[in-house]
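Working notes, beginning with the structure itself.
In my numbering, the protein residues as written are -18 to 427.
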């Protein structure tokens, strides 16, 4: 892999690890549709075919946090092999039966017309597009697998969800709220007394939940390119590898952040919102967050295998965005939001009360005021109405979308009983194509 000298030096000089752009924010659309100069990336299909043990050892020994920023060949390999590069916390599946997914494959879905920033083409061509770098896509309709393709990975591999995993935290907050263990109207300081700054006392749990905290840790290119900014520090330290020295813990960095506007005004996406919710979950349950995910979601959903949270250099699970599992298990998780939940779970986890909360538009006015809302507007044919409970976009028809950096995604359409999930590995997060998922729904199931 060859990298442009200036790009490589910029990433190395900043010592960044987690992102160079917002967790979900793509690069400028014009740049996203141009070939990347100075790079020679292996097609993702080569990783599916397997690489030599010698090359694997080279990747394991050369990997540094900057490789997550650049996401060349070694970064792409790491996405499907997280435990080889980071210590992880295990989310156990339990001893129950795997919920076998019935198949009713419909190859006609591959002819779905897609219109994204890489151009207009049928879905079958999008899956092989060099810029999209799609690794796996799964469509489940009425509880049955209707499309499953793995152009760039083995179906048994556990790929990182990146920020799509924020939905695990969103569901946990809902469940604990229903049980009275979390009151989202209370301040963060109520649950985390160490967050003693005056600015934190103004931030409520619901502000974190809906990404409207007003705290100065917004994931923008400008902030992450500034090595003194809290979001850049957290990115650097959270993803320090075994070859690199860690710095402050994520919690230490977050609790010292100051506000830059009043809470509730603007939809400003940040891993730190979700990470802080993870700390609250641990505080109110008295359990490790990975165990709470296991007990309340993973154990009850007939997952195929264990999931894995990457740990920071201080041993903190990166609940804000670094969780890995098989694609089918991401699909099973998506089914919990549909009428087909009983195909995979032994009890209903997400009840009607959840949707009453998610469809509430309390912060809809804040949606398009931040960079992330504008990104969602550009990504889809019709503008979402709001973002809430860690979803990046909620549509008027009830569909919900959550993105993950480098092209991961979970799109749920409760009305049509359909789930679309996918993994990909876009270079430098430059290509952003989630609109294809909604196009699948609109053209085939609505």
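Cβ atoms here follow ideal geometry from the backbone N, Cα and C, with glycine treated the same way.
What you are looking at is a predicted structure, and each value in this text was computed from that prediction instead of being measured.
Per-residue burial, residue i [other beta carbons within 10 Å of its own, 16 or more giving buried]
i, result
"residue 407", "buried"
"residue 137", "exposed"
"residue 38", "exposed"
"residue 410", "buried"
"residue 81", "exposed"
"residue 317", "buried"
"residue 19", "Here residue 19 scores only 44 on pLDDT, less than 50, and its place in the model should not be relied on; the value that follows carries that caveat. That one is exposed."
"residue 52", "buried"
"residue 223", "exposed"
"residue 167", "exposed"
"residue 329", "exposed"
"residue 414", "buried"
"residue 219", "buried"
"residue 373", "buried"
"residue 310", "buried"
"residue 209", "exposed"
"residue 380", "buried"
"residue 112", "buried"
"residue 11", "Interpretation of residue 11 is limited by its pLDDT of 39, a score under 50 that renders its predicted location unreliable; the figure taken from the coordinates is listed afterwards. Answer is exposed; the Cβ neighbour count stays below 16."
"residue 244", "buried"
"residue 132", "buried"
"residue 31", "exposed"
"residue -10", "Bear in mind that a pLDDT of 30 at residue -10, under 50, signals an unreliable position, so the number given afterwards is only what the model happens to contain. Residue -10 is exposed by the Cβ-count criterion."
"residue 86", "exposed"
"residue -2", "The predicted model places residue -2 with a pLDDT of 36, which falls under 50 and marks its position as unreliable, so this point remains unresolved."
"residue 267", "exposed"
"residue 271", "buried"
"residue 139", "buried"
"residue 33", "exposed"
"residue 198", "buried"
"residue 241", "exposed"
"residue 83", "exposed"
Residue closest to residue i, alpha-carbon to alpha-carbon, out of the options
i, options, result
"residue 239", "305, 212, 77 and 227", "212"
"residue 261", "144, 162, 95 and 45", "162"
"residue 114", "171, 99 and 272", "99"
"residue 306", "73, 31 and 49", "73"
"residue 326", "290, 276 and 231", "276"
"residue 44", "56, 108 and 357", "56"
"residue 237", "269, 27, 173 and 24", "173"
"residue 335", "158, 97, 75 and 131", "158"
"residue 77", "280, 391 and 287", "280"
"residue 205", "47, 385 and 227", "47"
"residue 338", "60, 67 and 375", "375"
"residue 332", "264, 156, 139 and 308", "156"
"residue 358", "97, 66 and 41", "97"
"residue 341", "227, 241, 377 and 105", "377"
"residue 294", "232, 278, 288 and 273", "232"
"residue 41", "403, 64 and 283", "64"
"residue 153", "269, 402 and 362", "269"
"residue 24", "54, 160, 181 and 36", "54"
"residue 202", "255, 50 and 394", "50"
Cβ-Cβ separation, residue j to residue i (assumed contact under 8 angstroms), whole Å
i, j, result
"residue 195", "residue 246", "6 angstroms"
"residue 200", "residue 252", "7 angstroms"
"residue 248", "residue 354", "5 angstroms"
"residue 389", "residue 142", "5 angstroms"
"residue 312", "residue 128", "No, residue 312 and residue 128 are not in contact; Cβ-Cβ is about 11 angstroms, not under 8 angstroms."
"residue 69", "residue 258", "Wrong, their Cβ atoms sit about 20 angstroms apart, outside the cutoff."
"residue 165", "residue 147", "At roughly 16 angstroms, the Cβ-Cβ gap does not stay under 8 angstroms, so residue 165 and residue 147 are not in contact."
"residue 234", "residue 215", "5 angstroms"
"residue 28", "residue 58", "6 angstroms"
"residue 144", "residue 351", "Residue 144 to residue 351, Cβ: 15 angstroms. No contact."
"residue 405", "residue 392", "Contact flag wrong, Cβ pair sits at about 14 angstroms."
"residue 402", "residue 308", "6 angstroms"
Test: residue i CB closer than 9 angstroms to a CB of chain B
i, result
"residue 280", "Structure shown: chain B not included; a single protein chain is present."
Residue i Cβ short of 8 angstroms to the ligand GTP heavy atom set
i, result
"residue 365", "In the structure on display, the ligand GTP does not appear, and there are no ligands present to speak of."
Inset, instruction - Decide if the segment 345 to 354 is in contact with the segment 170 to 187; the criterion is three or more beta carbon pairs, one per stretch, under 8 angstroms apart. - result: The answer is no - the segment 170 to 187 does not touch the segment 345 to 354, with fewer than three Cβ pairs under 8 angstroms.
Legend entry - Whole alpha helix (DSSP H) elements within the segment 335 to 382, 4-residue minimum: Counting only runs of 4 or more residues that sit fully inside the segment 335 to 382, the alpha helix (DSSP H) segments are 352 to 360, in chain order.
Legend entry - Three CB pairs or more closer than 8 angstroms across the segment 181 to 190 and the segment 296 to 306: For the pair of segments examined, the segment 181 to 190 was found not to touch the segment 296 to 306: the number of CB pairs separated by less than 8 angstroms stays below three.
Inset, instruction - Indicate whether the contact test is met: 3 or more Cβ pairs, each with one atom in the segment 387 to 404 and one in the segment 124 to 143, closer than 8 angstroms. - result: Yes, the segment 387 to 404 touches the segment 124 to 143.
Inset, instruction - Could you tell me whether the segment 319 to 332 touches the segment 351 to 368, using the rule of 3 or more Cβ pairs below 8 angstroms? - result: Output reads no: the segment 351 to 368 does not touch the segment 319 to 332.
Inset, instruction - Pair every Cβ in the segment 90 to 97 with every Cβ in the segment 415 to 424, then say whether three or more of these pairs are closer than 8 angstroms. - result: Touching, yes, given that three or more Cβ pairs across the two stretches are closer than 8 angstroms.
Inset, instruction - Enumerate, from N- to C-terminal direction, the unbroken beta strand (DSSP E) stretches of 3 or more residues contained entirely within the segment 87 to 171. - result: If we require 3 residues or more, the beta strand (DSSP E) runs fully inside the segment 87 to 171 come out as 94 to 97, 100 to 103, 115 to 122 and 125 to 130.
Inset, instruction - Give, in chain order, every unbroken run of the beta strand (DSSP E) that is at least 3 residues long and sits entirely within the segment 292 to 330. - result: Counting only runs of 3+ residues, the beta strand (DSSP E) found wholly inside the segment 292 to 330 occupies 304 to 306, in chain order.
Inset, instruction - Tell me the start and end of each unbroken alpha helix (DSSP H) in the segment 234 to 269 that is at least 4 residues and wholly inside, in chain order. - result: 252 to 266, all fully within the segment 234 to 269.
Legend entry - Every unbroken alpha helix (DSSP H) inside the segment 386 to 411 [4 residues or more]: Listed in chain order, nothing qualifies, since the segment 386 to 411 has no complete alpha helix (DSSP H) run of 4 or more residues.
Inset, instruction - Could you pull out every unbroken beta strand (DSSP E) segment of at least 3 residues lying fully inside the segment 14 to 86, listed in chain order? - result: Unbroken beta strand (DSSP E) stretches of 3 residues or longer found wholly inside the segment 14 to 86: 69 to 72, given in chain order.
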